[in-house]
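> Dropping the structure in here first, questions after.
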Amino acid sequence: MRIFATGTTGTIGRHLRDRVKSLSLRLDEDDGRPPIPQSDDGVIIHLAGVVGEASVTANLEHSYRVNVSGAAALARAVAKTSSQRFVFVSTSHVYAMQPGVEFLCENAALLPRGHYALQKLMAEQIVAEIFRKDPSRLVIARVFSVLDRNQPKGTLANAILSLTSDENRSLSFVDDVRDFLSPRVVADTLMAIASSTSLSGTLNICSGKALSVREAARHLLGDTTYGGVINRLIAGTSVAPRIVGNPERLAEVGCSGEDLFAQSLHDWRSAWPTAV
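Terminal number for the sequence shown in this note's numbering: 353, no gaps in between.
Below, the structure written as structure tokens:
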């Protein structure tokens with residue numbers, strides 16, 4: 078089976094580069110006909126896009142062309158083949174806030190928070206309609222929170238790391254609870270999804286492990302560095318105090334939330350600065 082992927086220069090995609098054939102597509106072009114491999118077999122993982130609320134709102138028109146129109150054009154091109162499958166990578170931010178709901182299942186209510194999540198949900202809906210007559214060829218993978226030292230500005234990880242270089246910085250809402258994985262683990266899970274010939278529909282890429290932002294900072298920084306910033310972690314919760322997924326469907330591709338979290342924990346600890 079041949080696996081192709083877009084977005085292999087990003088936080089998650091760079092962990093796929095050695096295992097897939099990278100597709101470099103201009104998703105913001107107006108012709109609506111992105112070139113895809115001329116083959117009726119294989120899988121395309123669609124990771125490419127404008128990611129994060131700040132990046133999306135900086136240019137809503139461009140981000141819409143990439144995140145919605147571009148994704149739709151690529152899905153149509155794949156659908157026109159006889160058997161290629163499509164893995165569309167989305168986000169947990171499409172889910173509605175549901176007080177009292179401990180773990181978000183794939184059929185949970187949807188209410189995007191912000192322009193980025195709205196664009197991803199719009200793309201989900203369009204892509205699902207494109208494959209409506211052949212749904213077995215589509216997987217929508219909703220990724221929960223990603224945590225890594227190499228994430229760009231505007232991400233939680235970057236905000237945490239900035240505490241170590243600027244003693245005037247602080248981080249608010251550290252009692253918010255999220256479902257964190259390392260990007261390598263997310264990439265591995267996407268490979269498992271793409272390699273499955275029987276999986277279809279929507280599924281969460283998550284661990285089911287509730288972790289506060291405060292705890293995430295400790296896992297990212299290491300105990301020694303964390304001790305130097307702990308006084309600048311401001312208690313409290315945001316309007317989205319808990320976003321934790323139900324990972325049960327991952328068992329269909331041989332994964333478990335517990336294992337994914339353990340692997341992520343290993344990745345974070347392996348990246349801790351070495352004591353001199």
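The C-beta atom is built at its ideal place from N, Cα and C for all residues, glycine as well. Nothing here was measured: the structure is a model prediction, and the numbers come from that model.
Taking the alpha helix (DSSP H) that Phe338 falls in, what are its first and last residues?
Note, Phe338: alpha helix (DSSP H), 334-347.
> If we count the other Cβ atoms within 10 Å of its Cβ and call it buried at 16 or more, is Val316 buried or exposed?
By the neighbour-count rule (16 or more Cβ atoms within 10 Å), Val316 is not buried but exposed.
> Under DSSP, the beta strand (DSSP E) around His123 begins and ends at which residues?
Counting along the chain, the beta strand (DSSP E) containing His123 begins and ends at 120-123.
> Output yes or no for whether 8 Å exceeds the beta carbon distance between Val143 and Ala218.
Contact: no.
> In angstroms with no decimal places, state the Cα-to-Cα distance between Ser341 and Leu258.
One C-alpha to the other measures close to 5 Å.
> How far does the alpha helix (DSSP H) with Ile237 in it reach, from first residue to last?
Counting along the chain, the alpha helix (DSSP H) containing Ile237 begins and ends at 233-239.
> Run through DSSP, which three-state label would Arg311 get?
The question names Arg, but residue 311 is Ile in the sequence shown. Looking at Ile311 - three-state DSSP - the assignment turns out to be coil, as it is neither helix nor strand.
> Considering only the alpha carbon of each residue, which of Leu233, Ala194, Ser222 lies closest to Glu130?
The shortest C-alpha separation from Glu130 is found at Ala194.
> Given this structure, state the Cα-to-Cα distance separating Arg153 from Lys197, to the nearest angstrom.
For Arg153 and Lys197, the distance between alpha carbons rounds to 17 Å.
> Would you give the residue range spanned by the alpha helix (DSSP H) that Gly304 belongs to?
Per DSSP, Gly304 belongs to the alpha helix (DSSP H) from 300-306.
> Go through its chain and collect everything with a Cβ distance to Met199's Cβ below 6 Å, but skip five positions before and after it.
Val145, listed in sequence order.
> Could you check if Met78 is buried or exposed, using at least 16 other CB atoms within 10 Å of its CB as the buried criterion?
Met78 should be labelled exposed.
> Starting from Leu215, trace the beta strand (DSSP E) in both directions and tell me its first and last residue.
First-last of the beta strand (DSSP E) with Leu215: 215-220.
> Tell whether a beta-carbon distance below 8 Å holds between Leu224 and Trp345.
Against a cut-off of 8 Å, the Cβ pair of Trp345 and Leu224 comes out as a contact.
> Report yes if the C-beta distance between Arg246 and Val290 is below 8 Å; otherwise report no.
No, Cβ-Cβ distance for Arg246 and Val290 is not below 8 Å.
> Please classify Val353: does DSSP put it in a helix, a strand, or coil?
Because Val353 carries a pLDDT of 42, less than 50, the predicted location of this residue cannot be relied on, and no value is offered for it.
> Determine contact between the segment 317-324 and the segment 170-187, defined as no fewer than three beta-carbon pairs at a distance below 8 Å.
Result yes; three or more Cβ-Cβ pairs closer than 8 Å.
> Kindly indicate which residue of Gly126, Ser132, Glu335 has the alpha-carbon position closest to the one of Gly231.
If we check each option's Cα against that of Gly231, Ser132 comes out closest.
> Between the C-alpha atoms of Leu233 and Asp95, what's the straight-line distance to the nearest angstrom?
Rounded to whole angstroms, Leu233 to Asp95 spans 27 Å at the Cα level.
> By the three-class DSSP mapping on this structure, what secondary structure does Gly147 have?
If DSSP states are grouped into helix, strand and coil, Gly147 belongs with the helices.
> If we ignore side chains and look at the alpha-carbon of each, how far apart do Leu100 and Pro350 end up?
If I take the Cα positions, the gap works out to 34 Å.
> Would a check of beta-carbon distances place His92 closer than 8 Å to chain C?
This model lacks chain C altogether; it includes just one protein chain.
> Just to confirm my understanding: we take Val353, look at its own chain, exclude 5 residues before and 5 after, and list those with CB closer than 7 Å. What are they?
Note that Val353 has pLDDT 42, beneath the 50 cutoff, so the model's placement of it is unreliable and no number is given.
> Would you mind working out which of Val263, Asp243, Ile237 sits nearest Val251, comparing C-alpha positions?
Residue Ile237 is the option with its Cα nearest to Val251.
> Taking 8 Å as the threshold (C-beta atoms), are Leu276 and Val330 in contact?
Against a cut-off of 8 Å, the Cβ pair of Leu276 and Val330 comes out as a contact.
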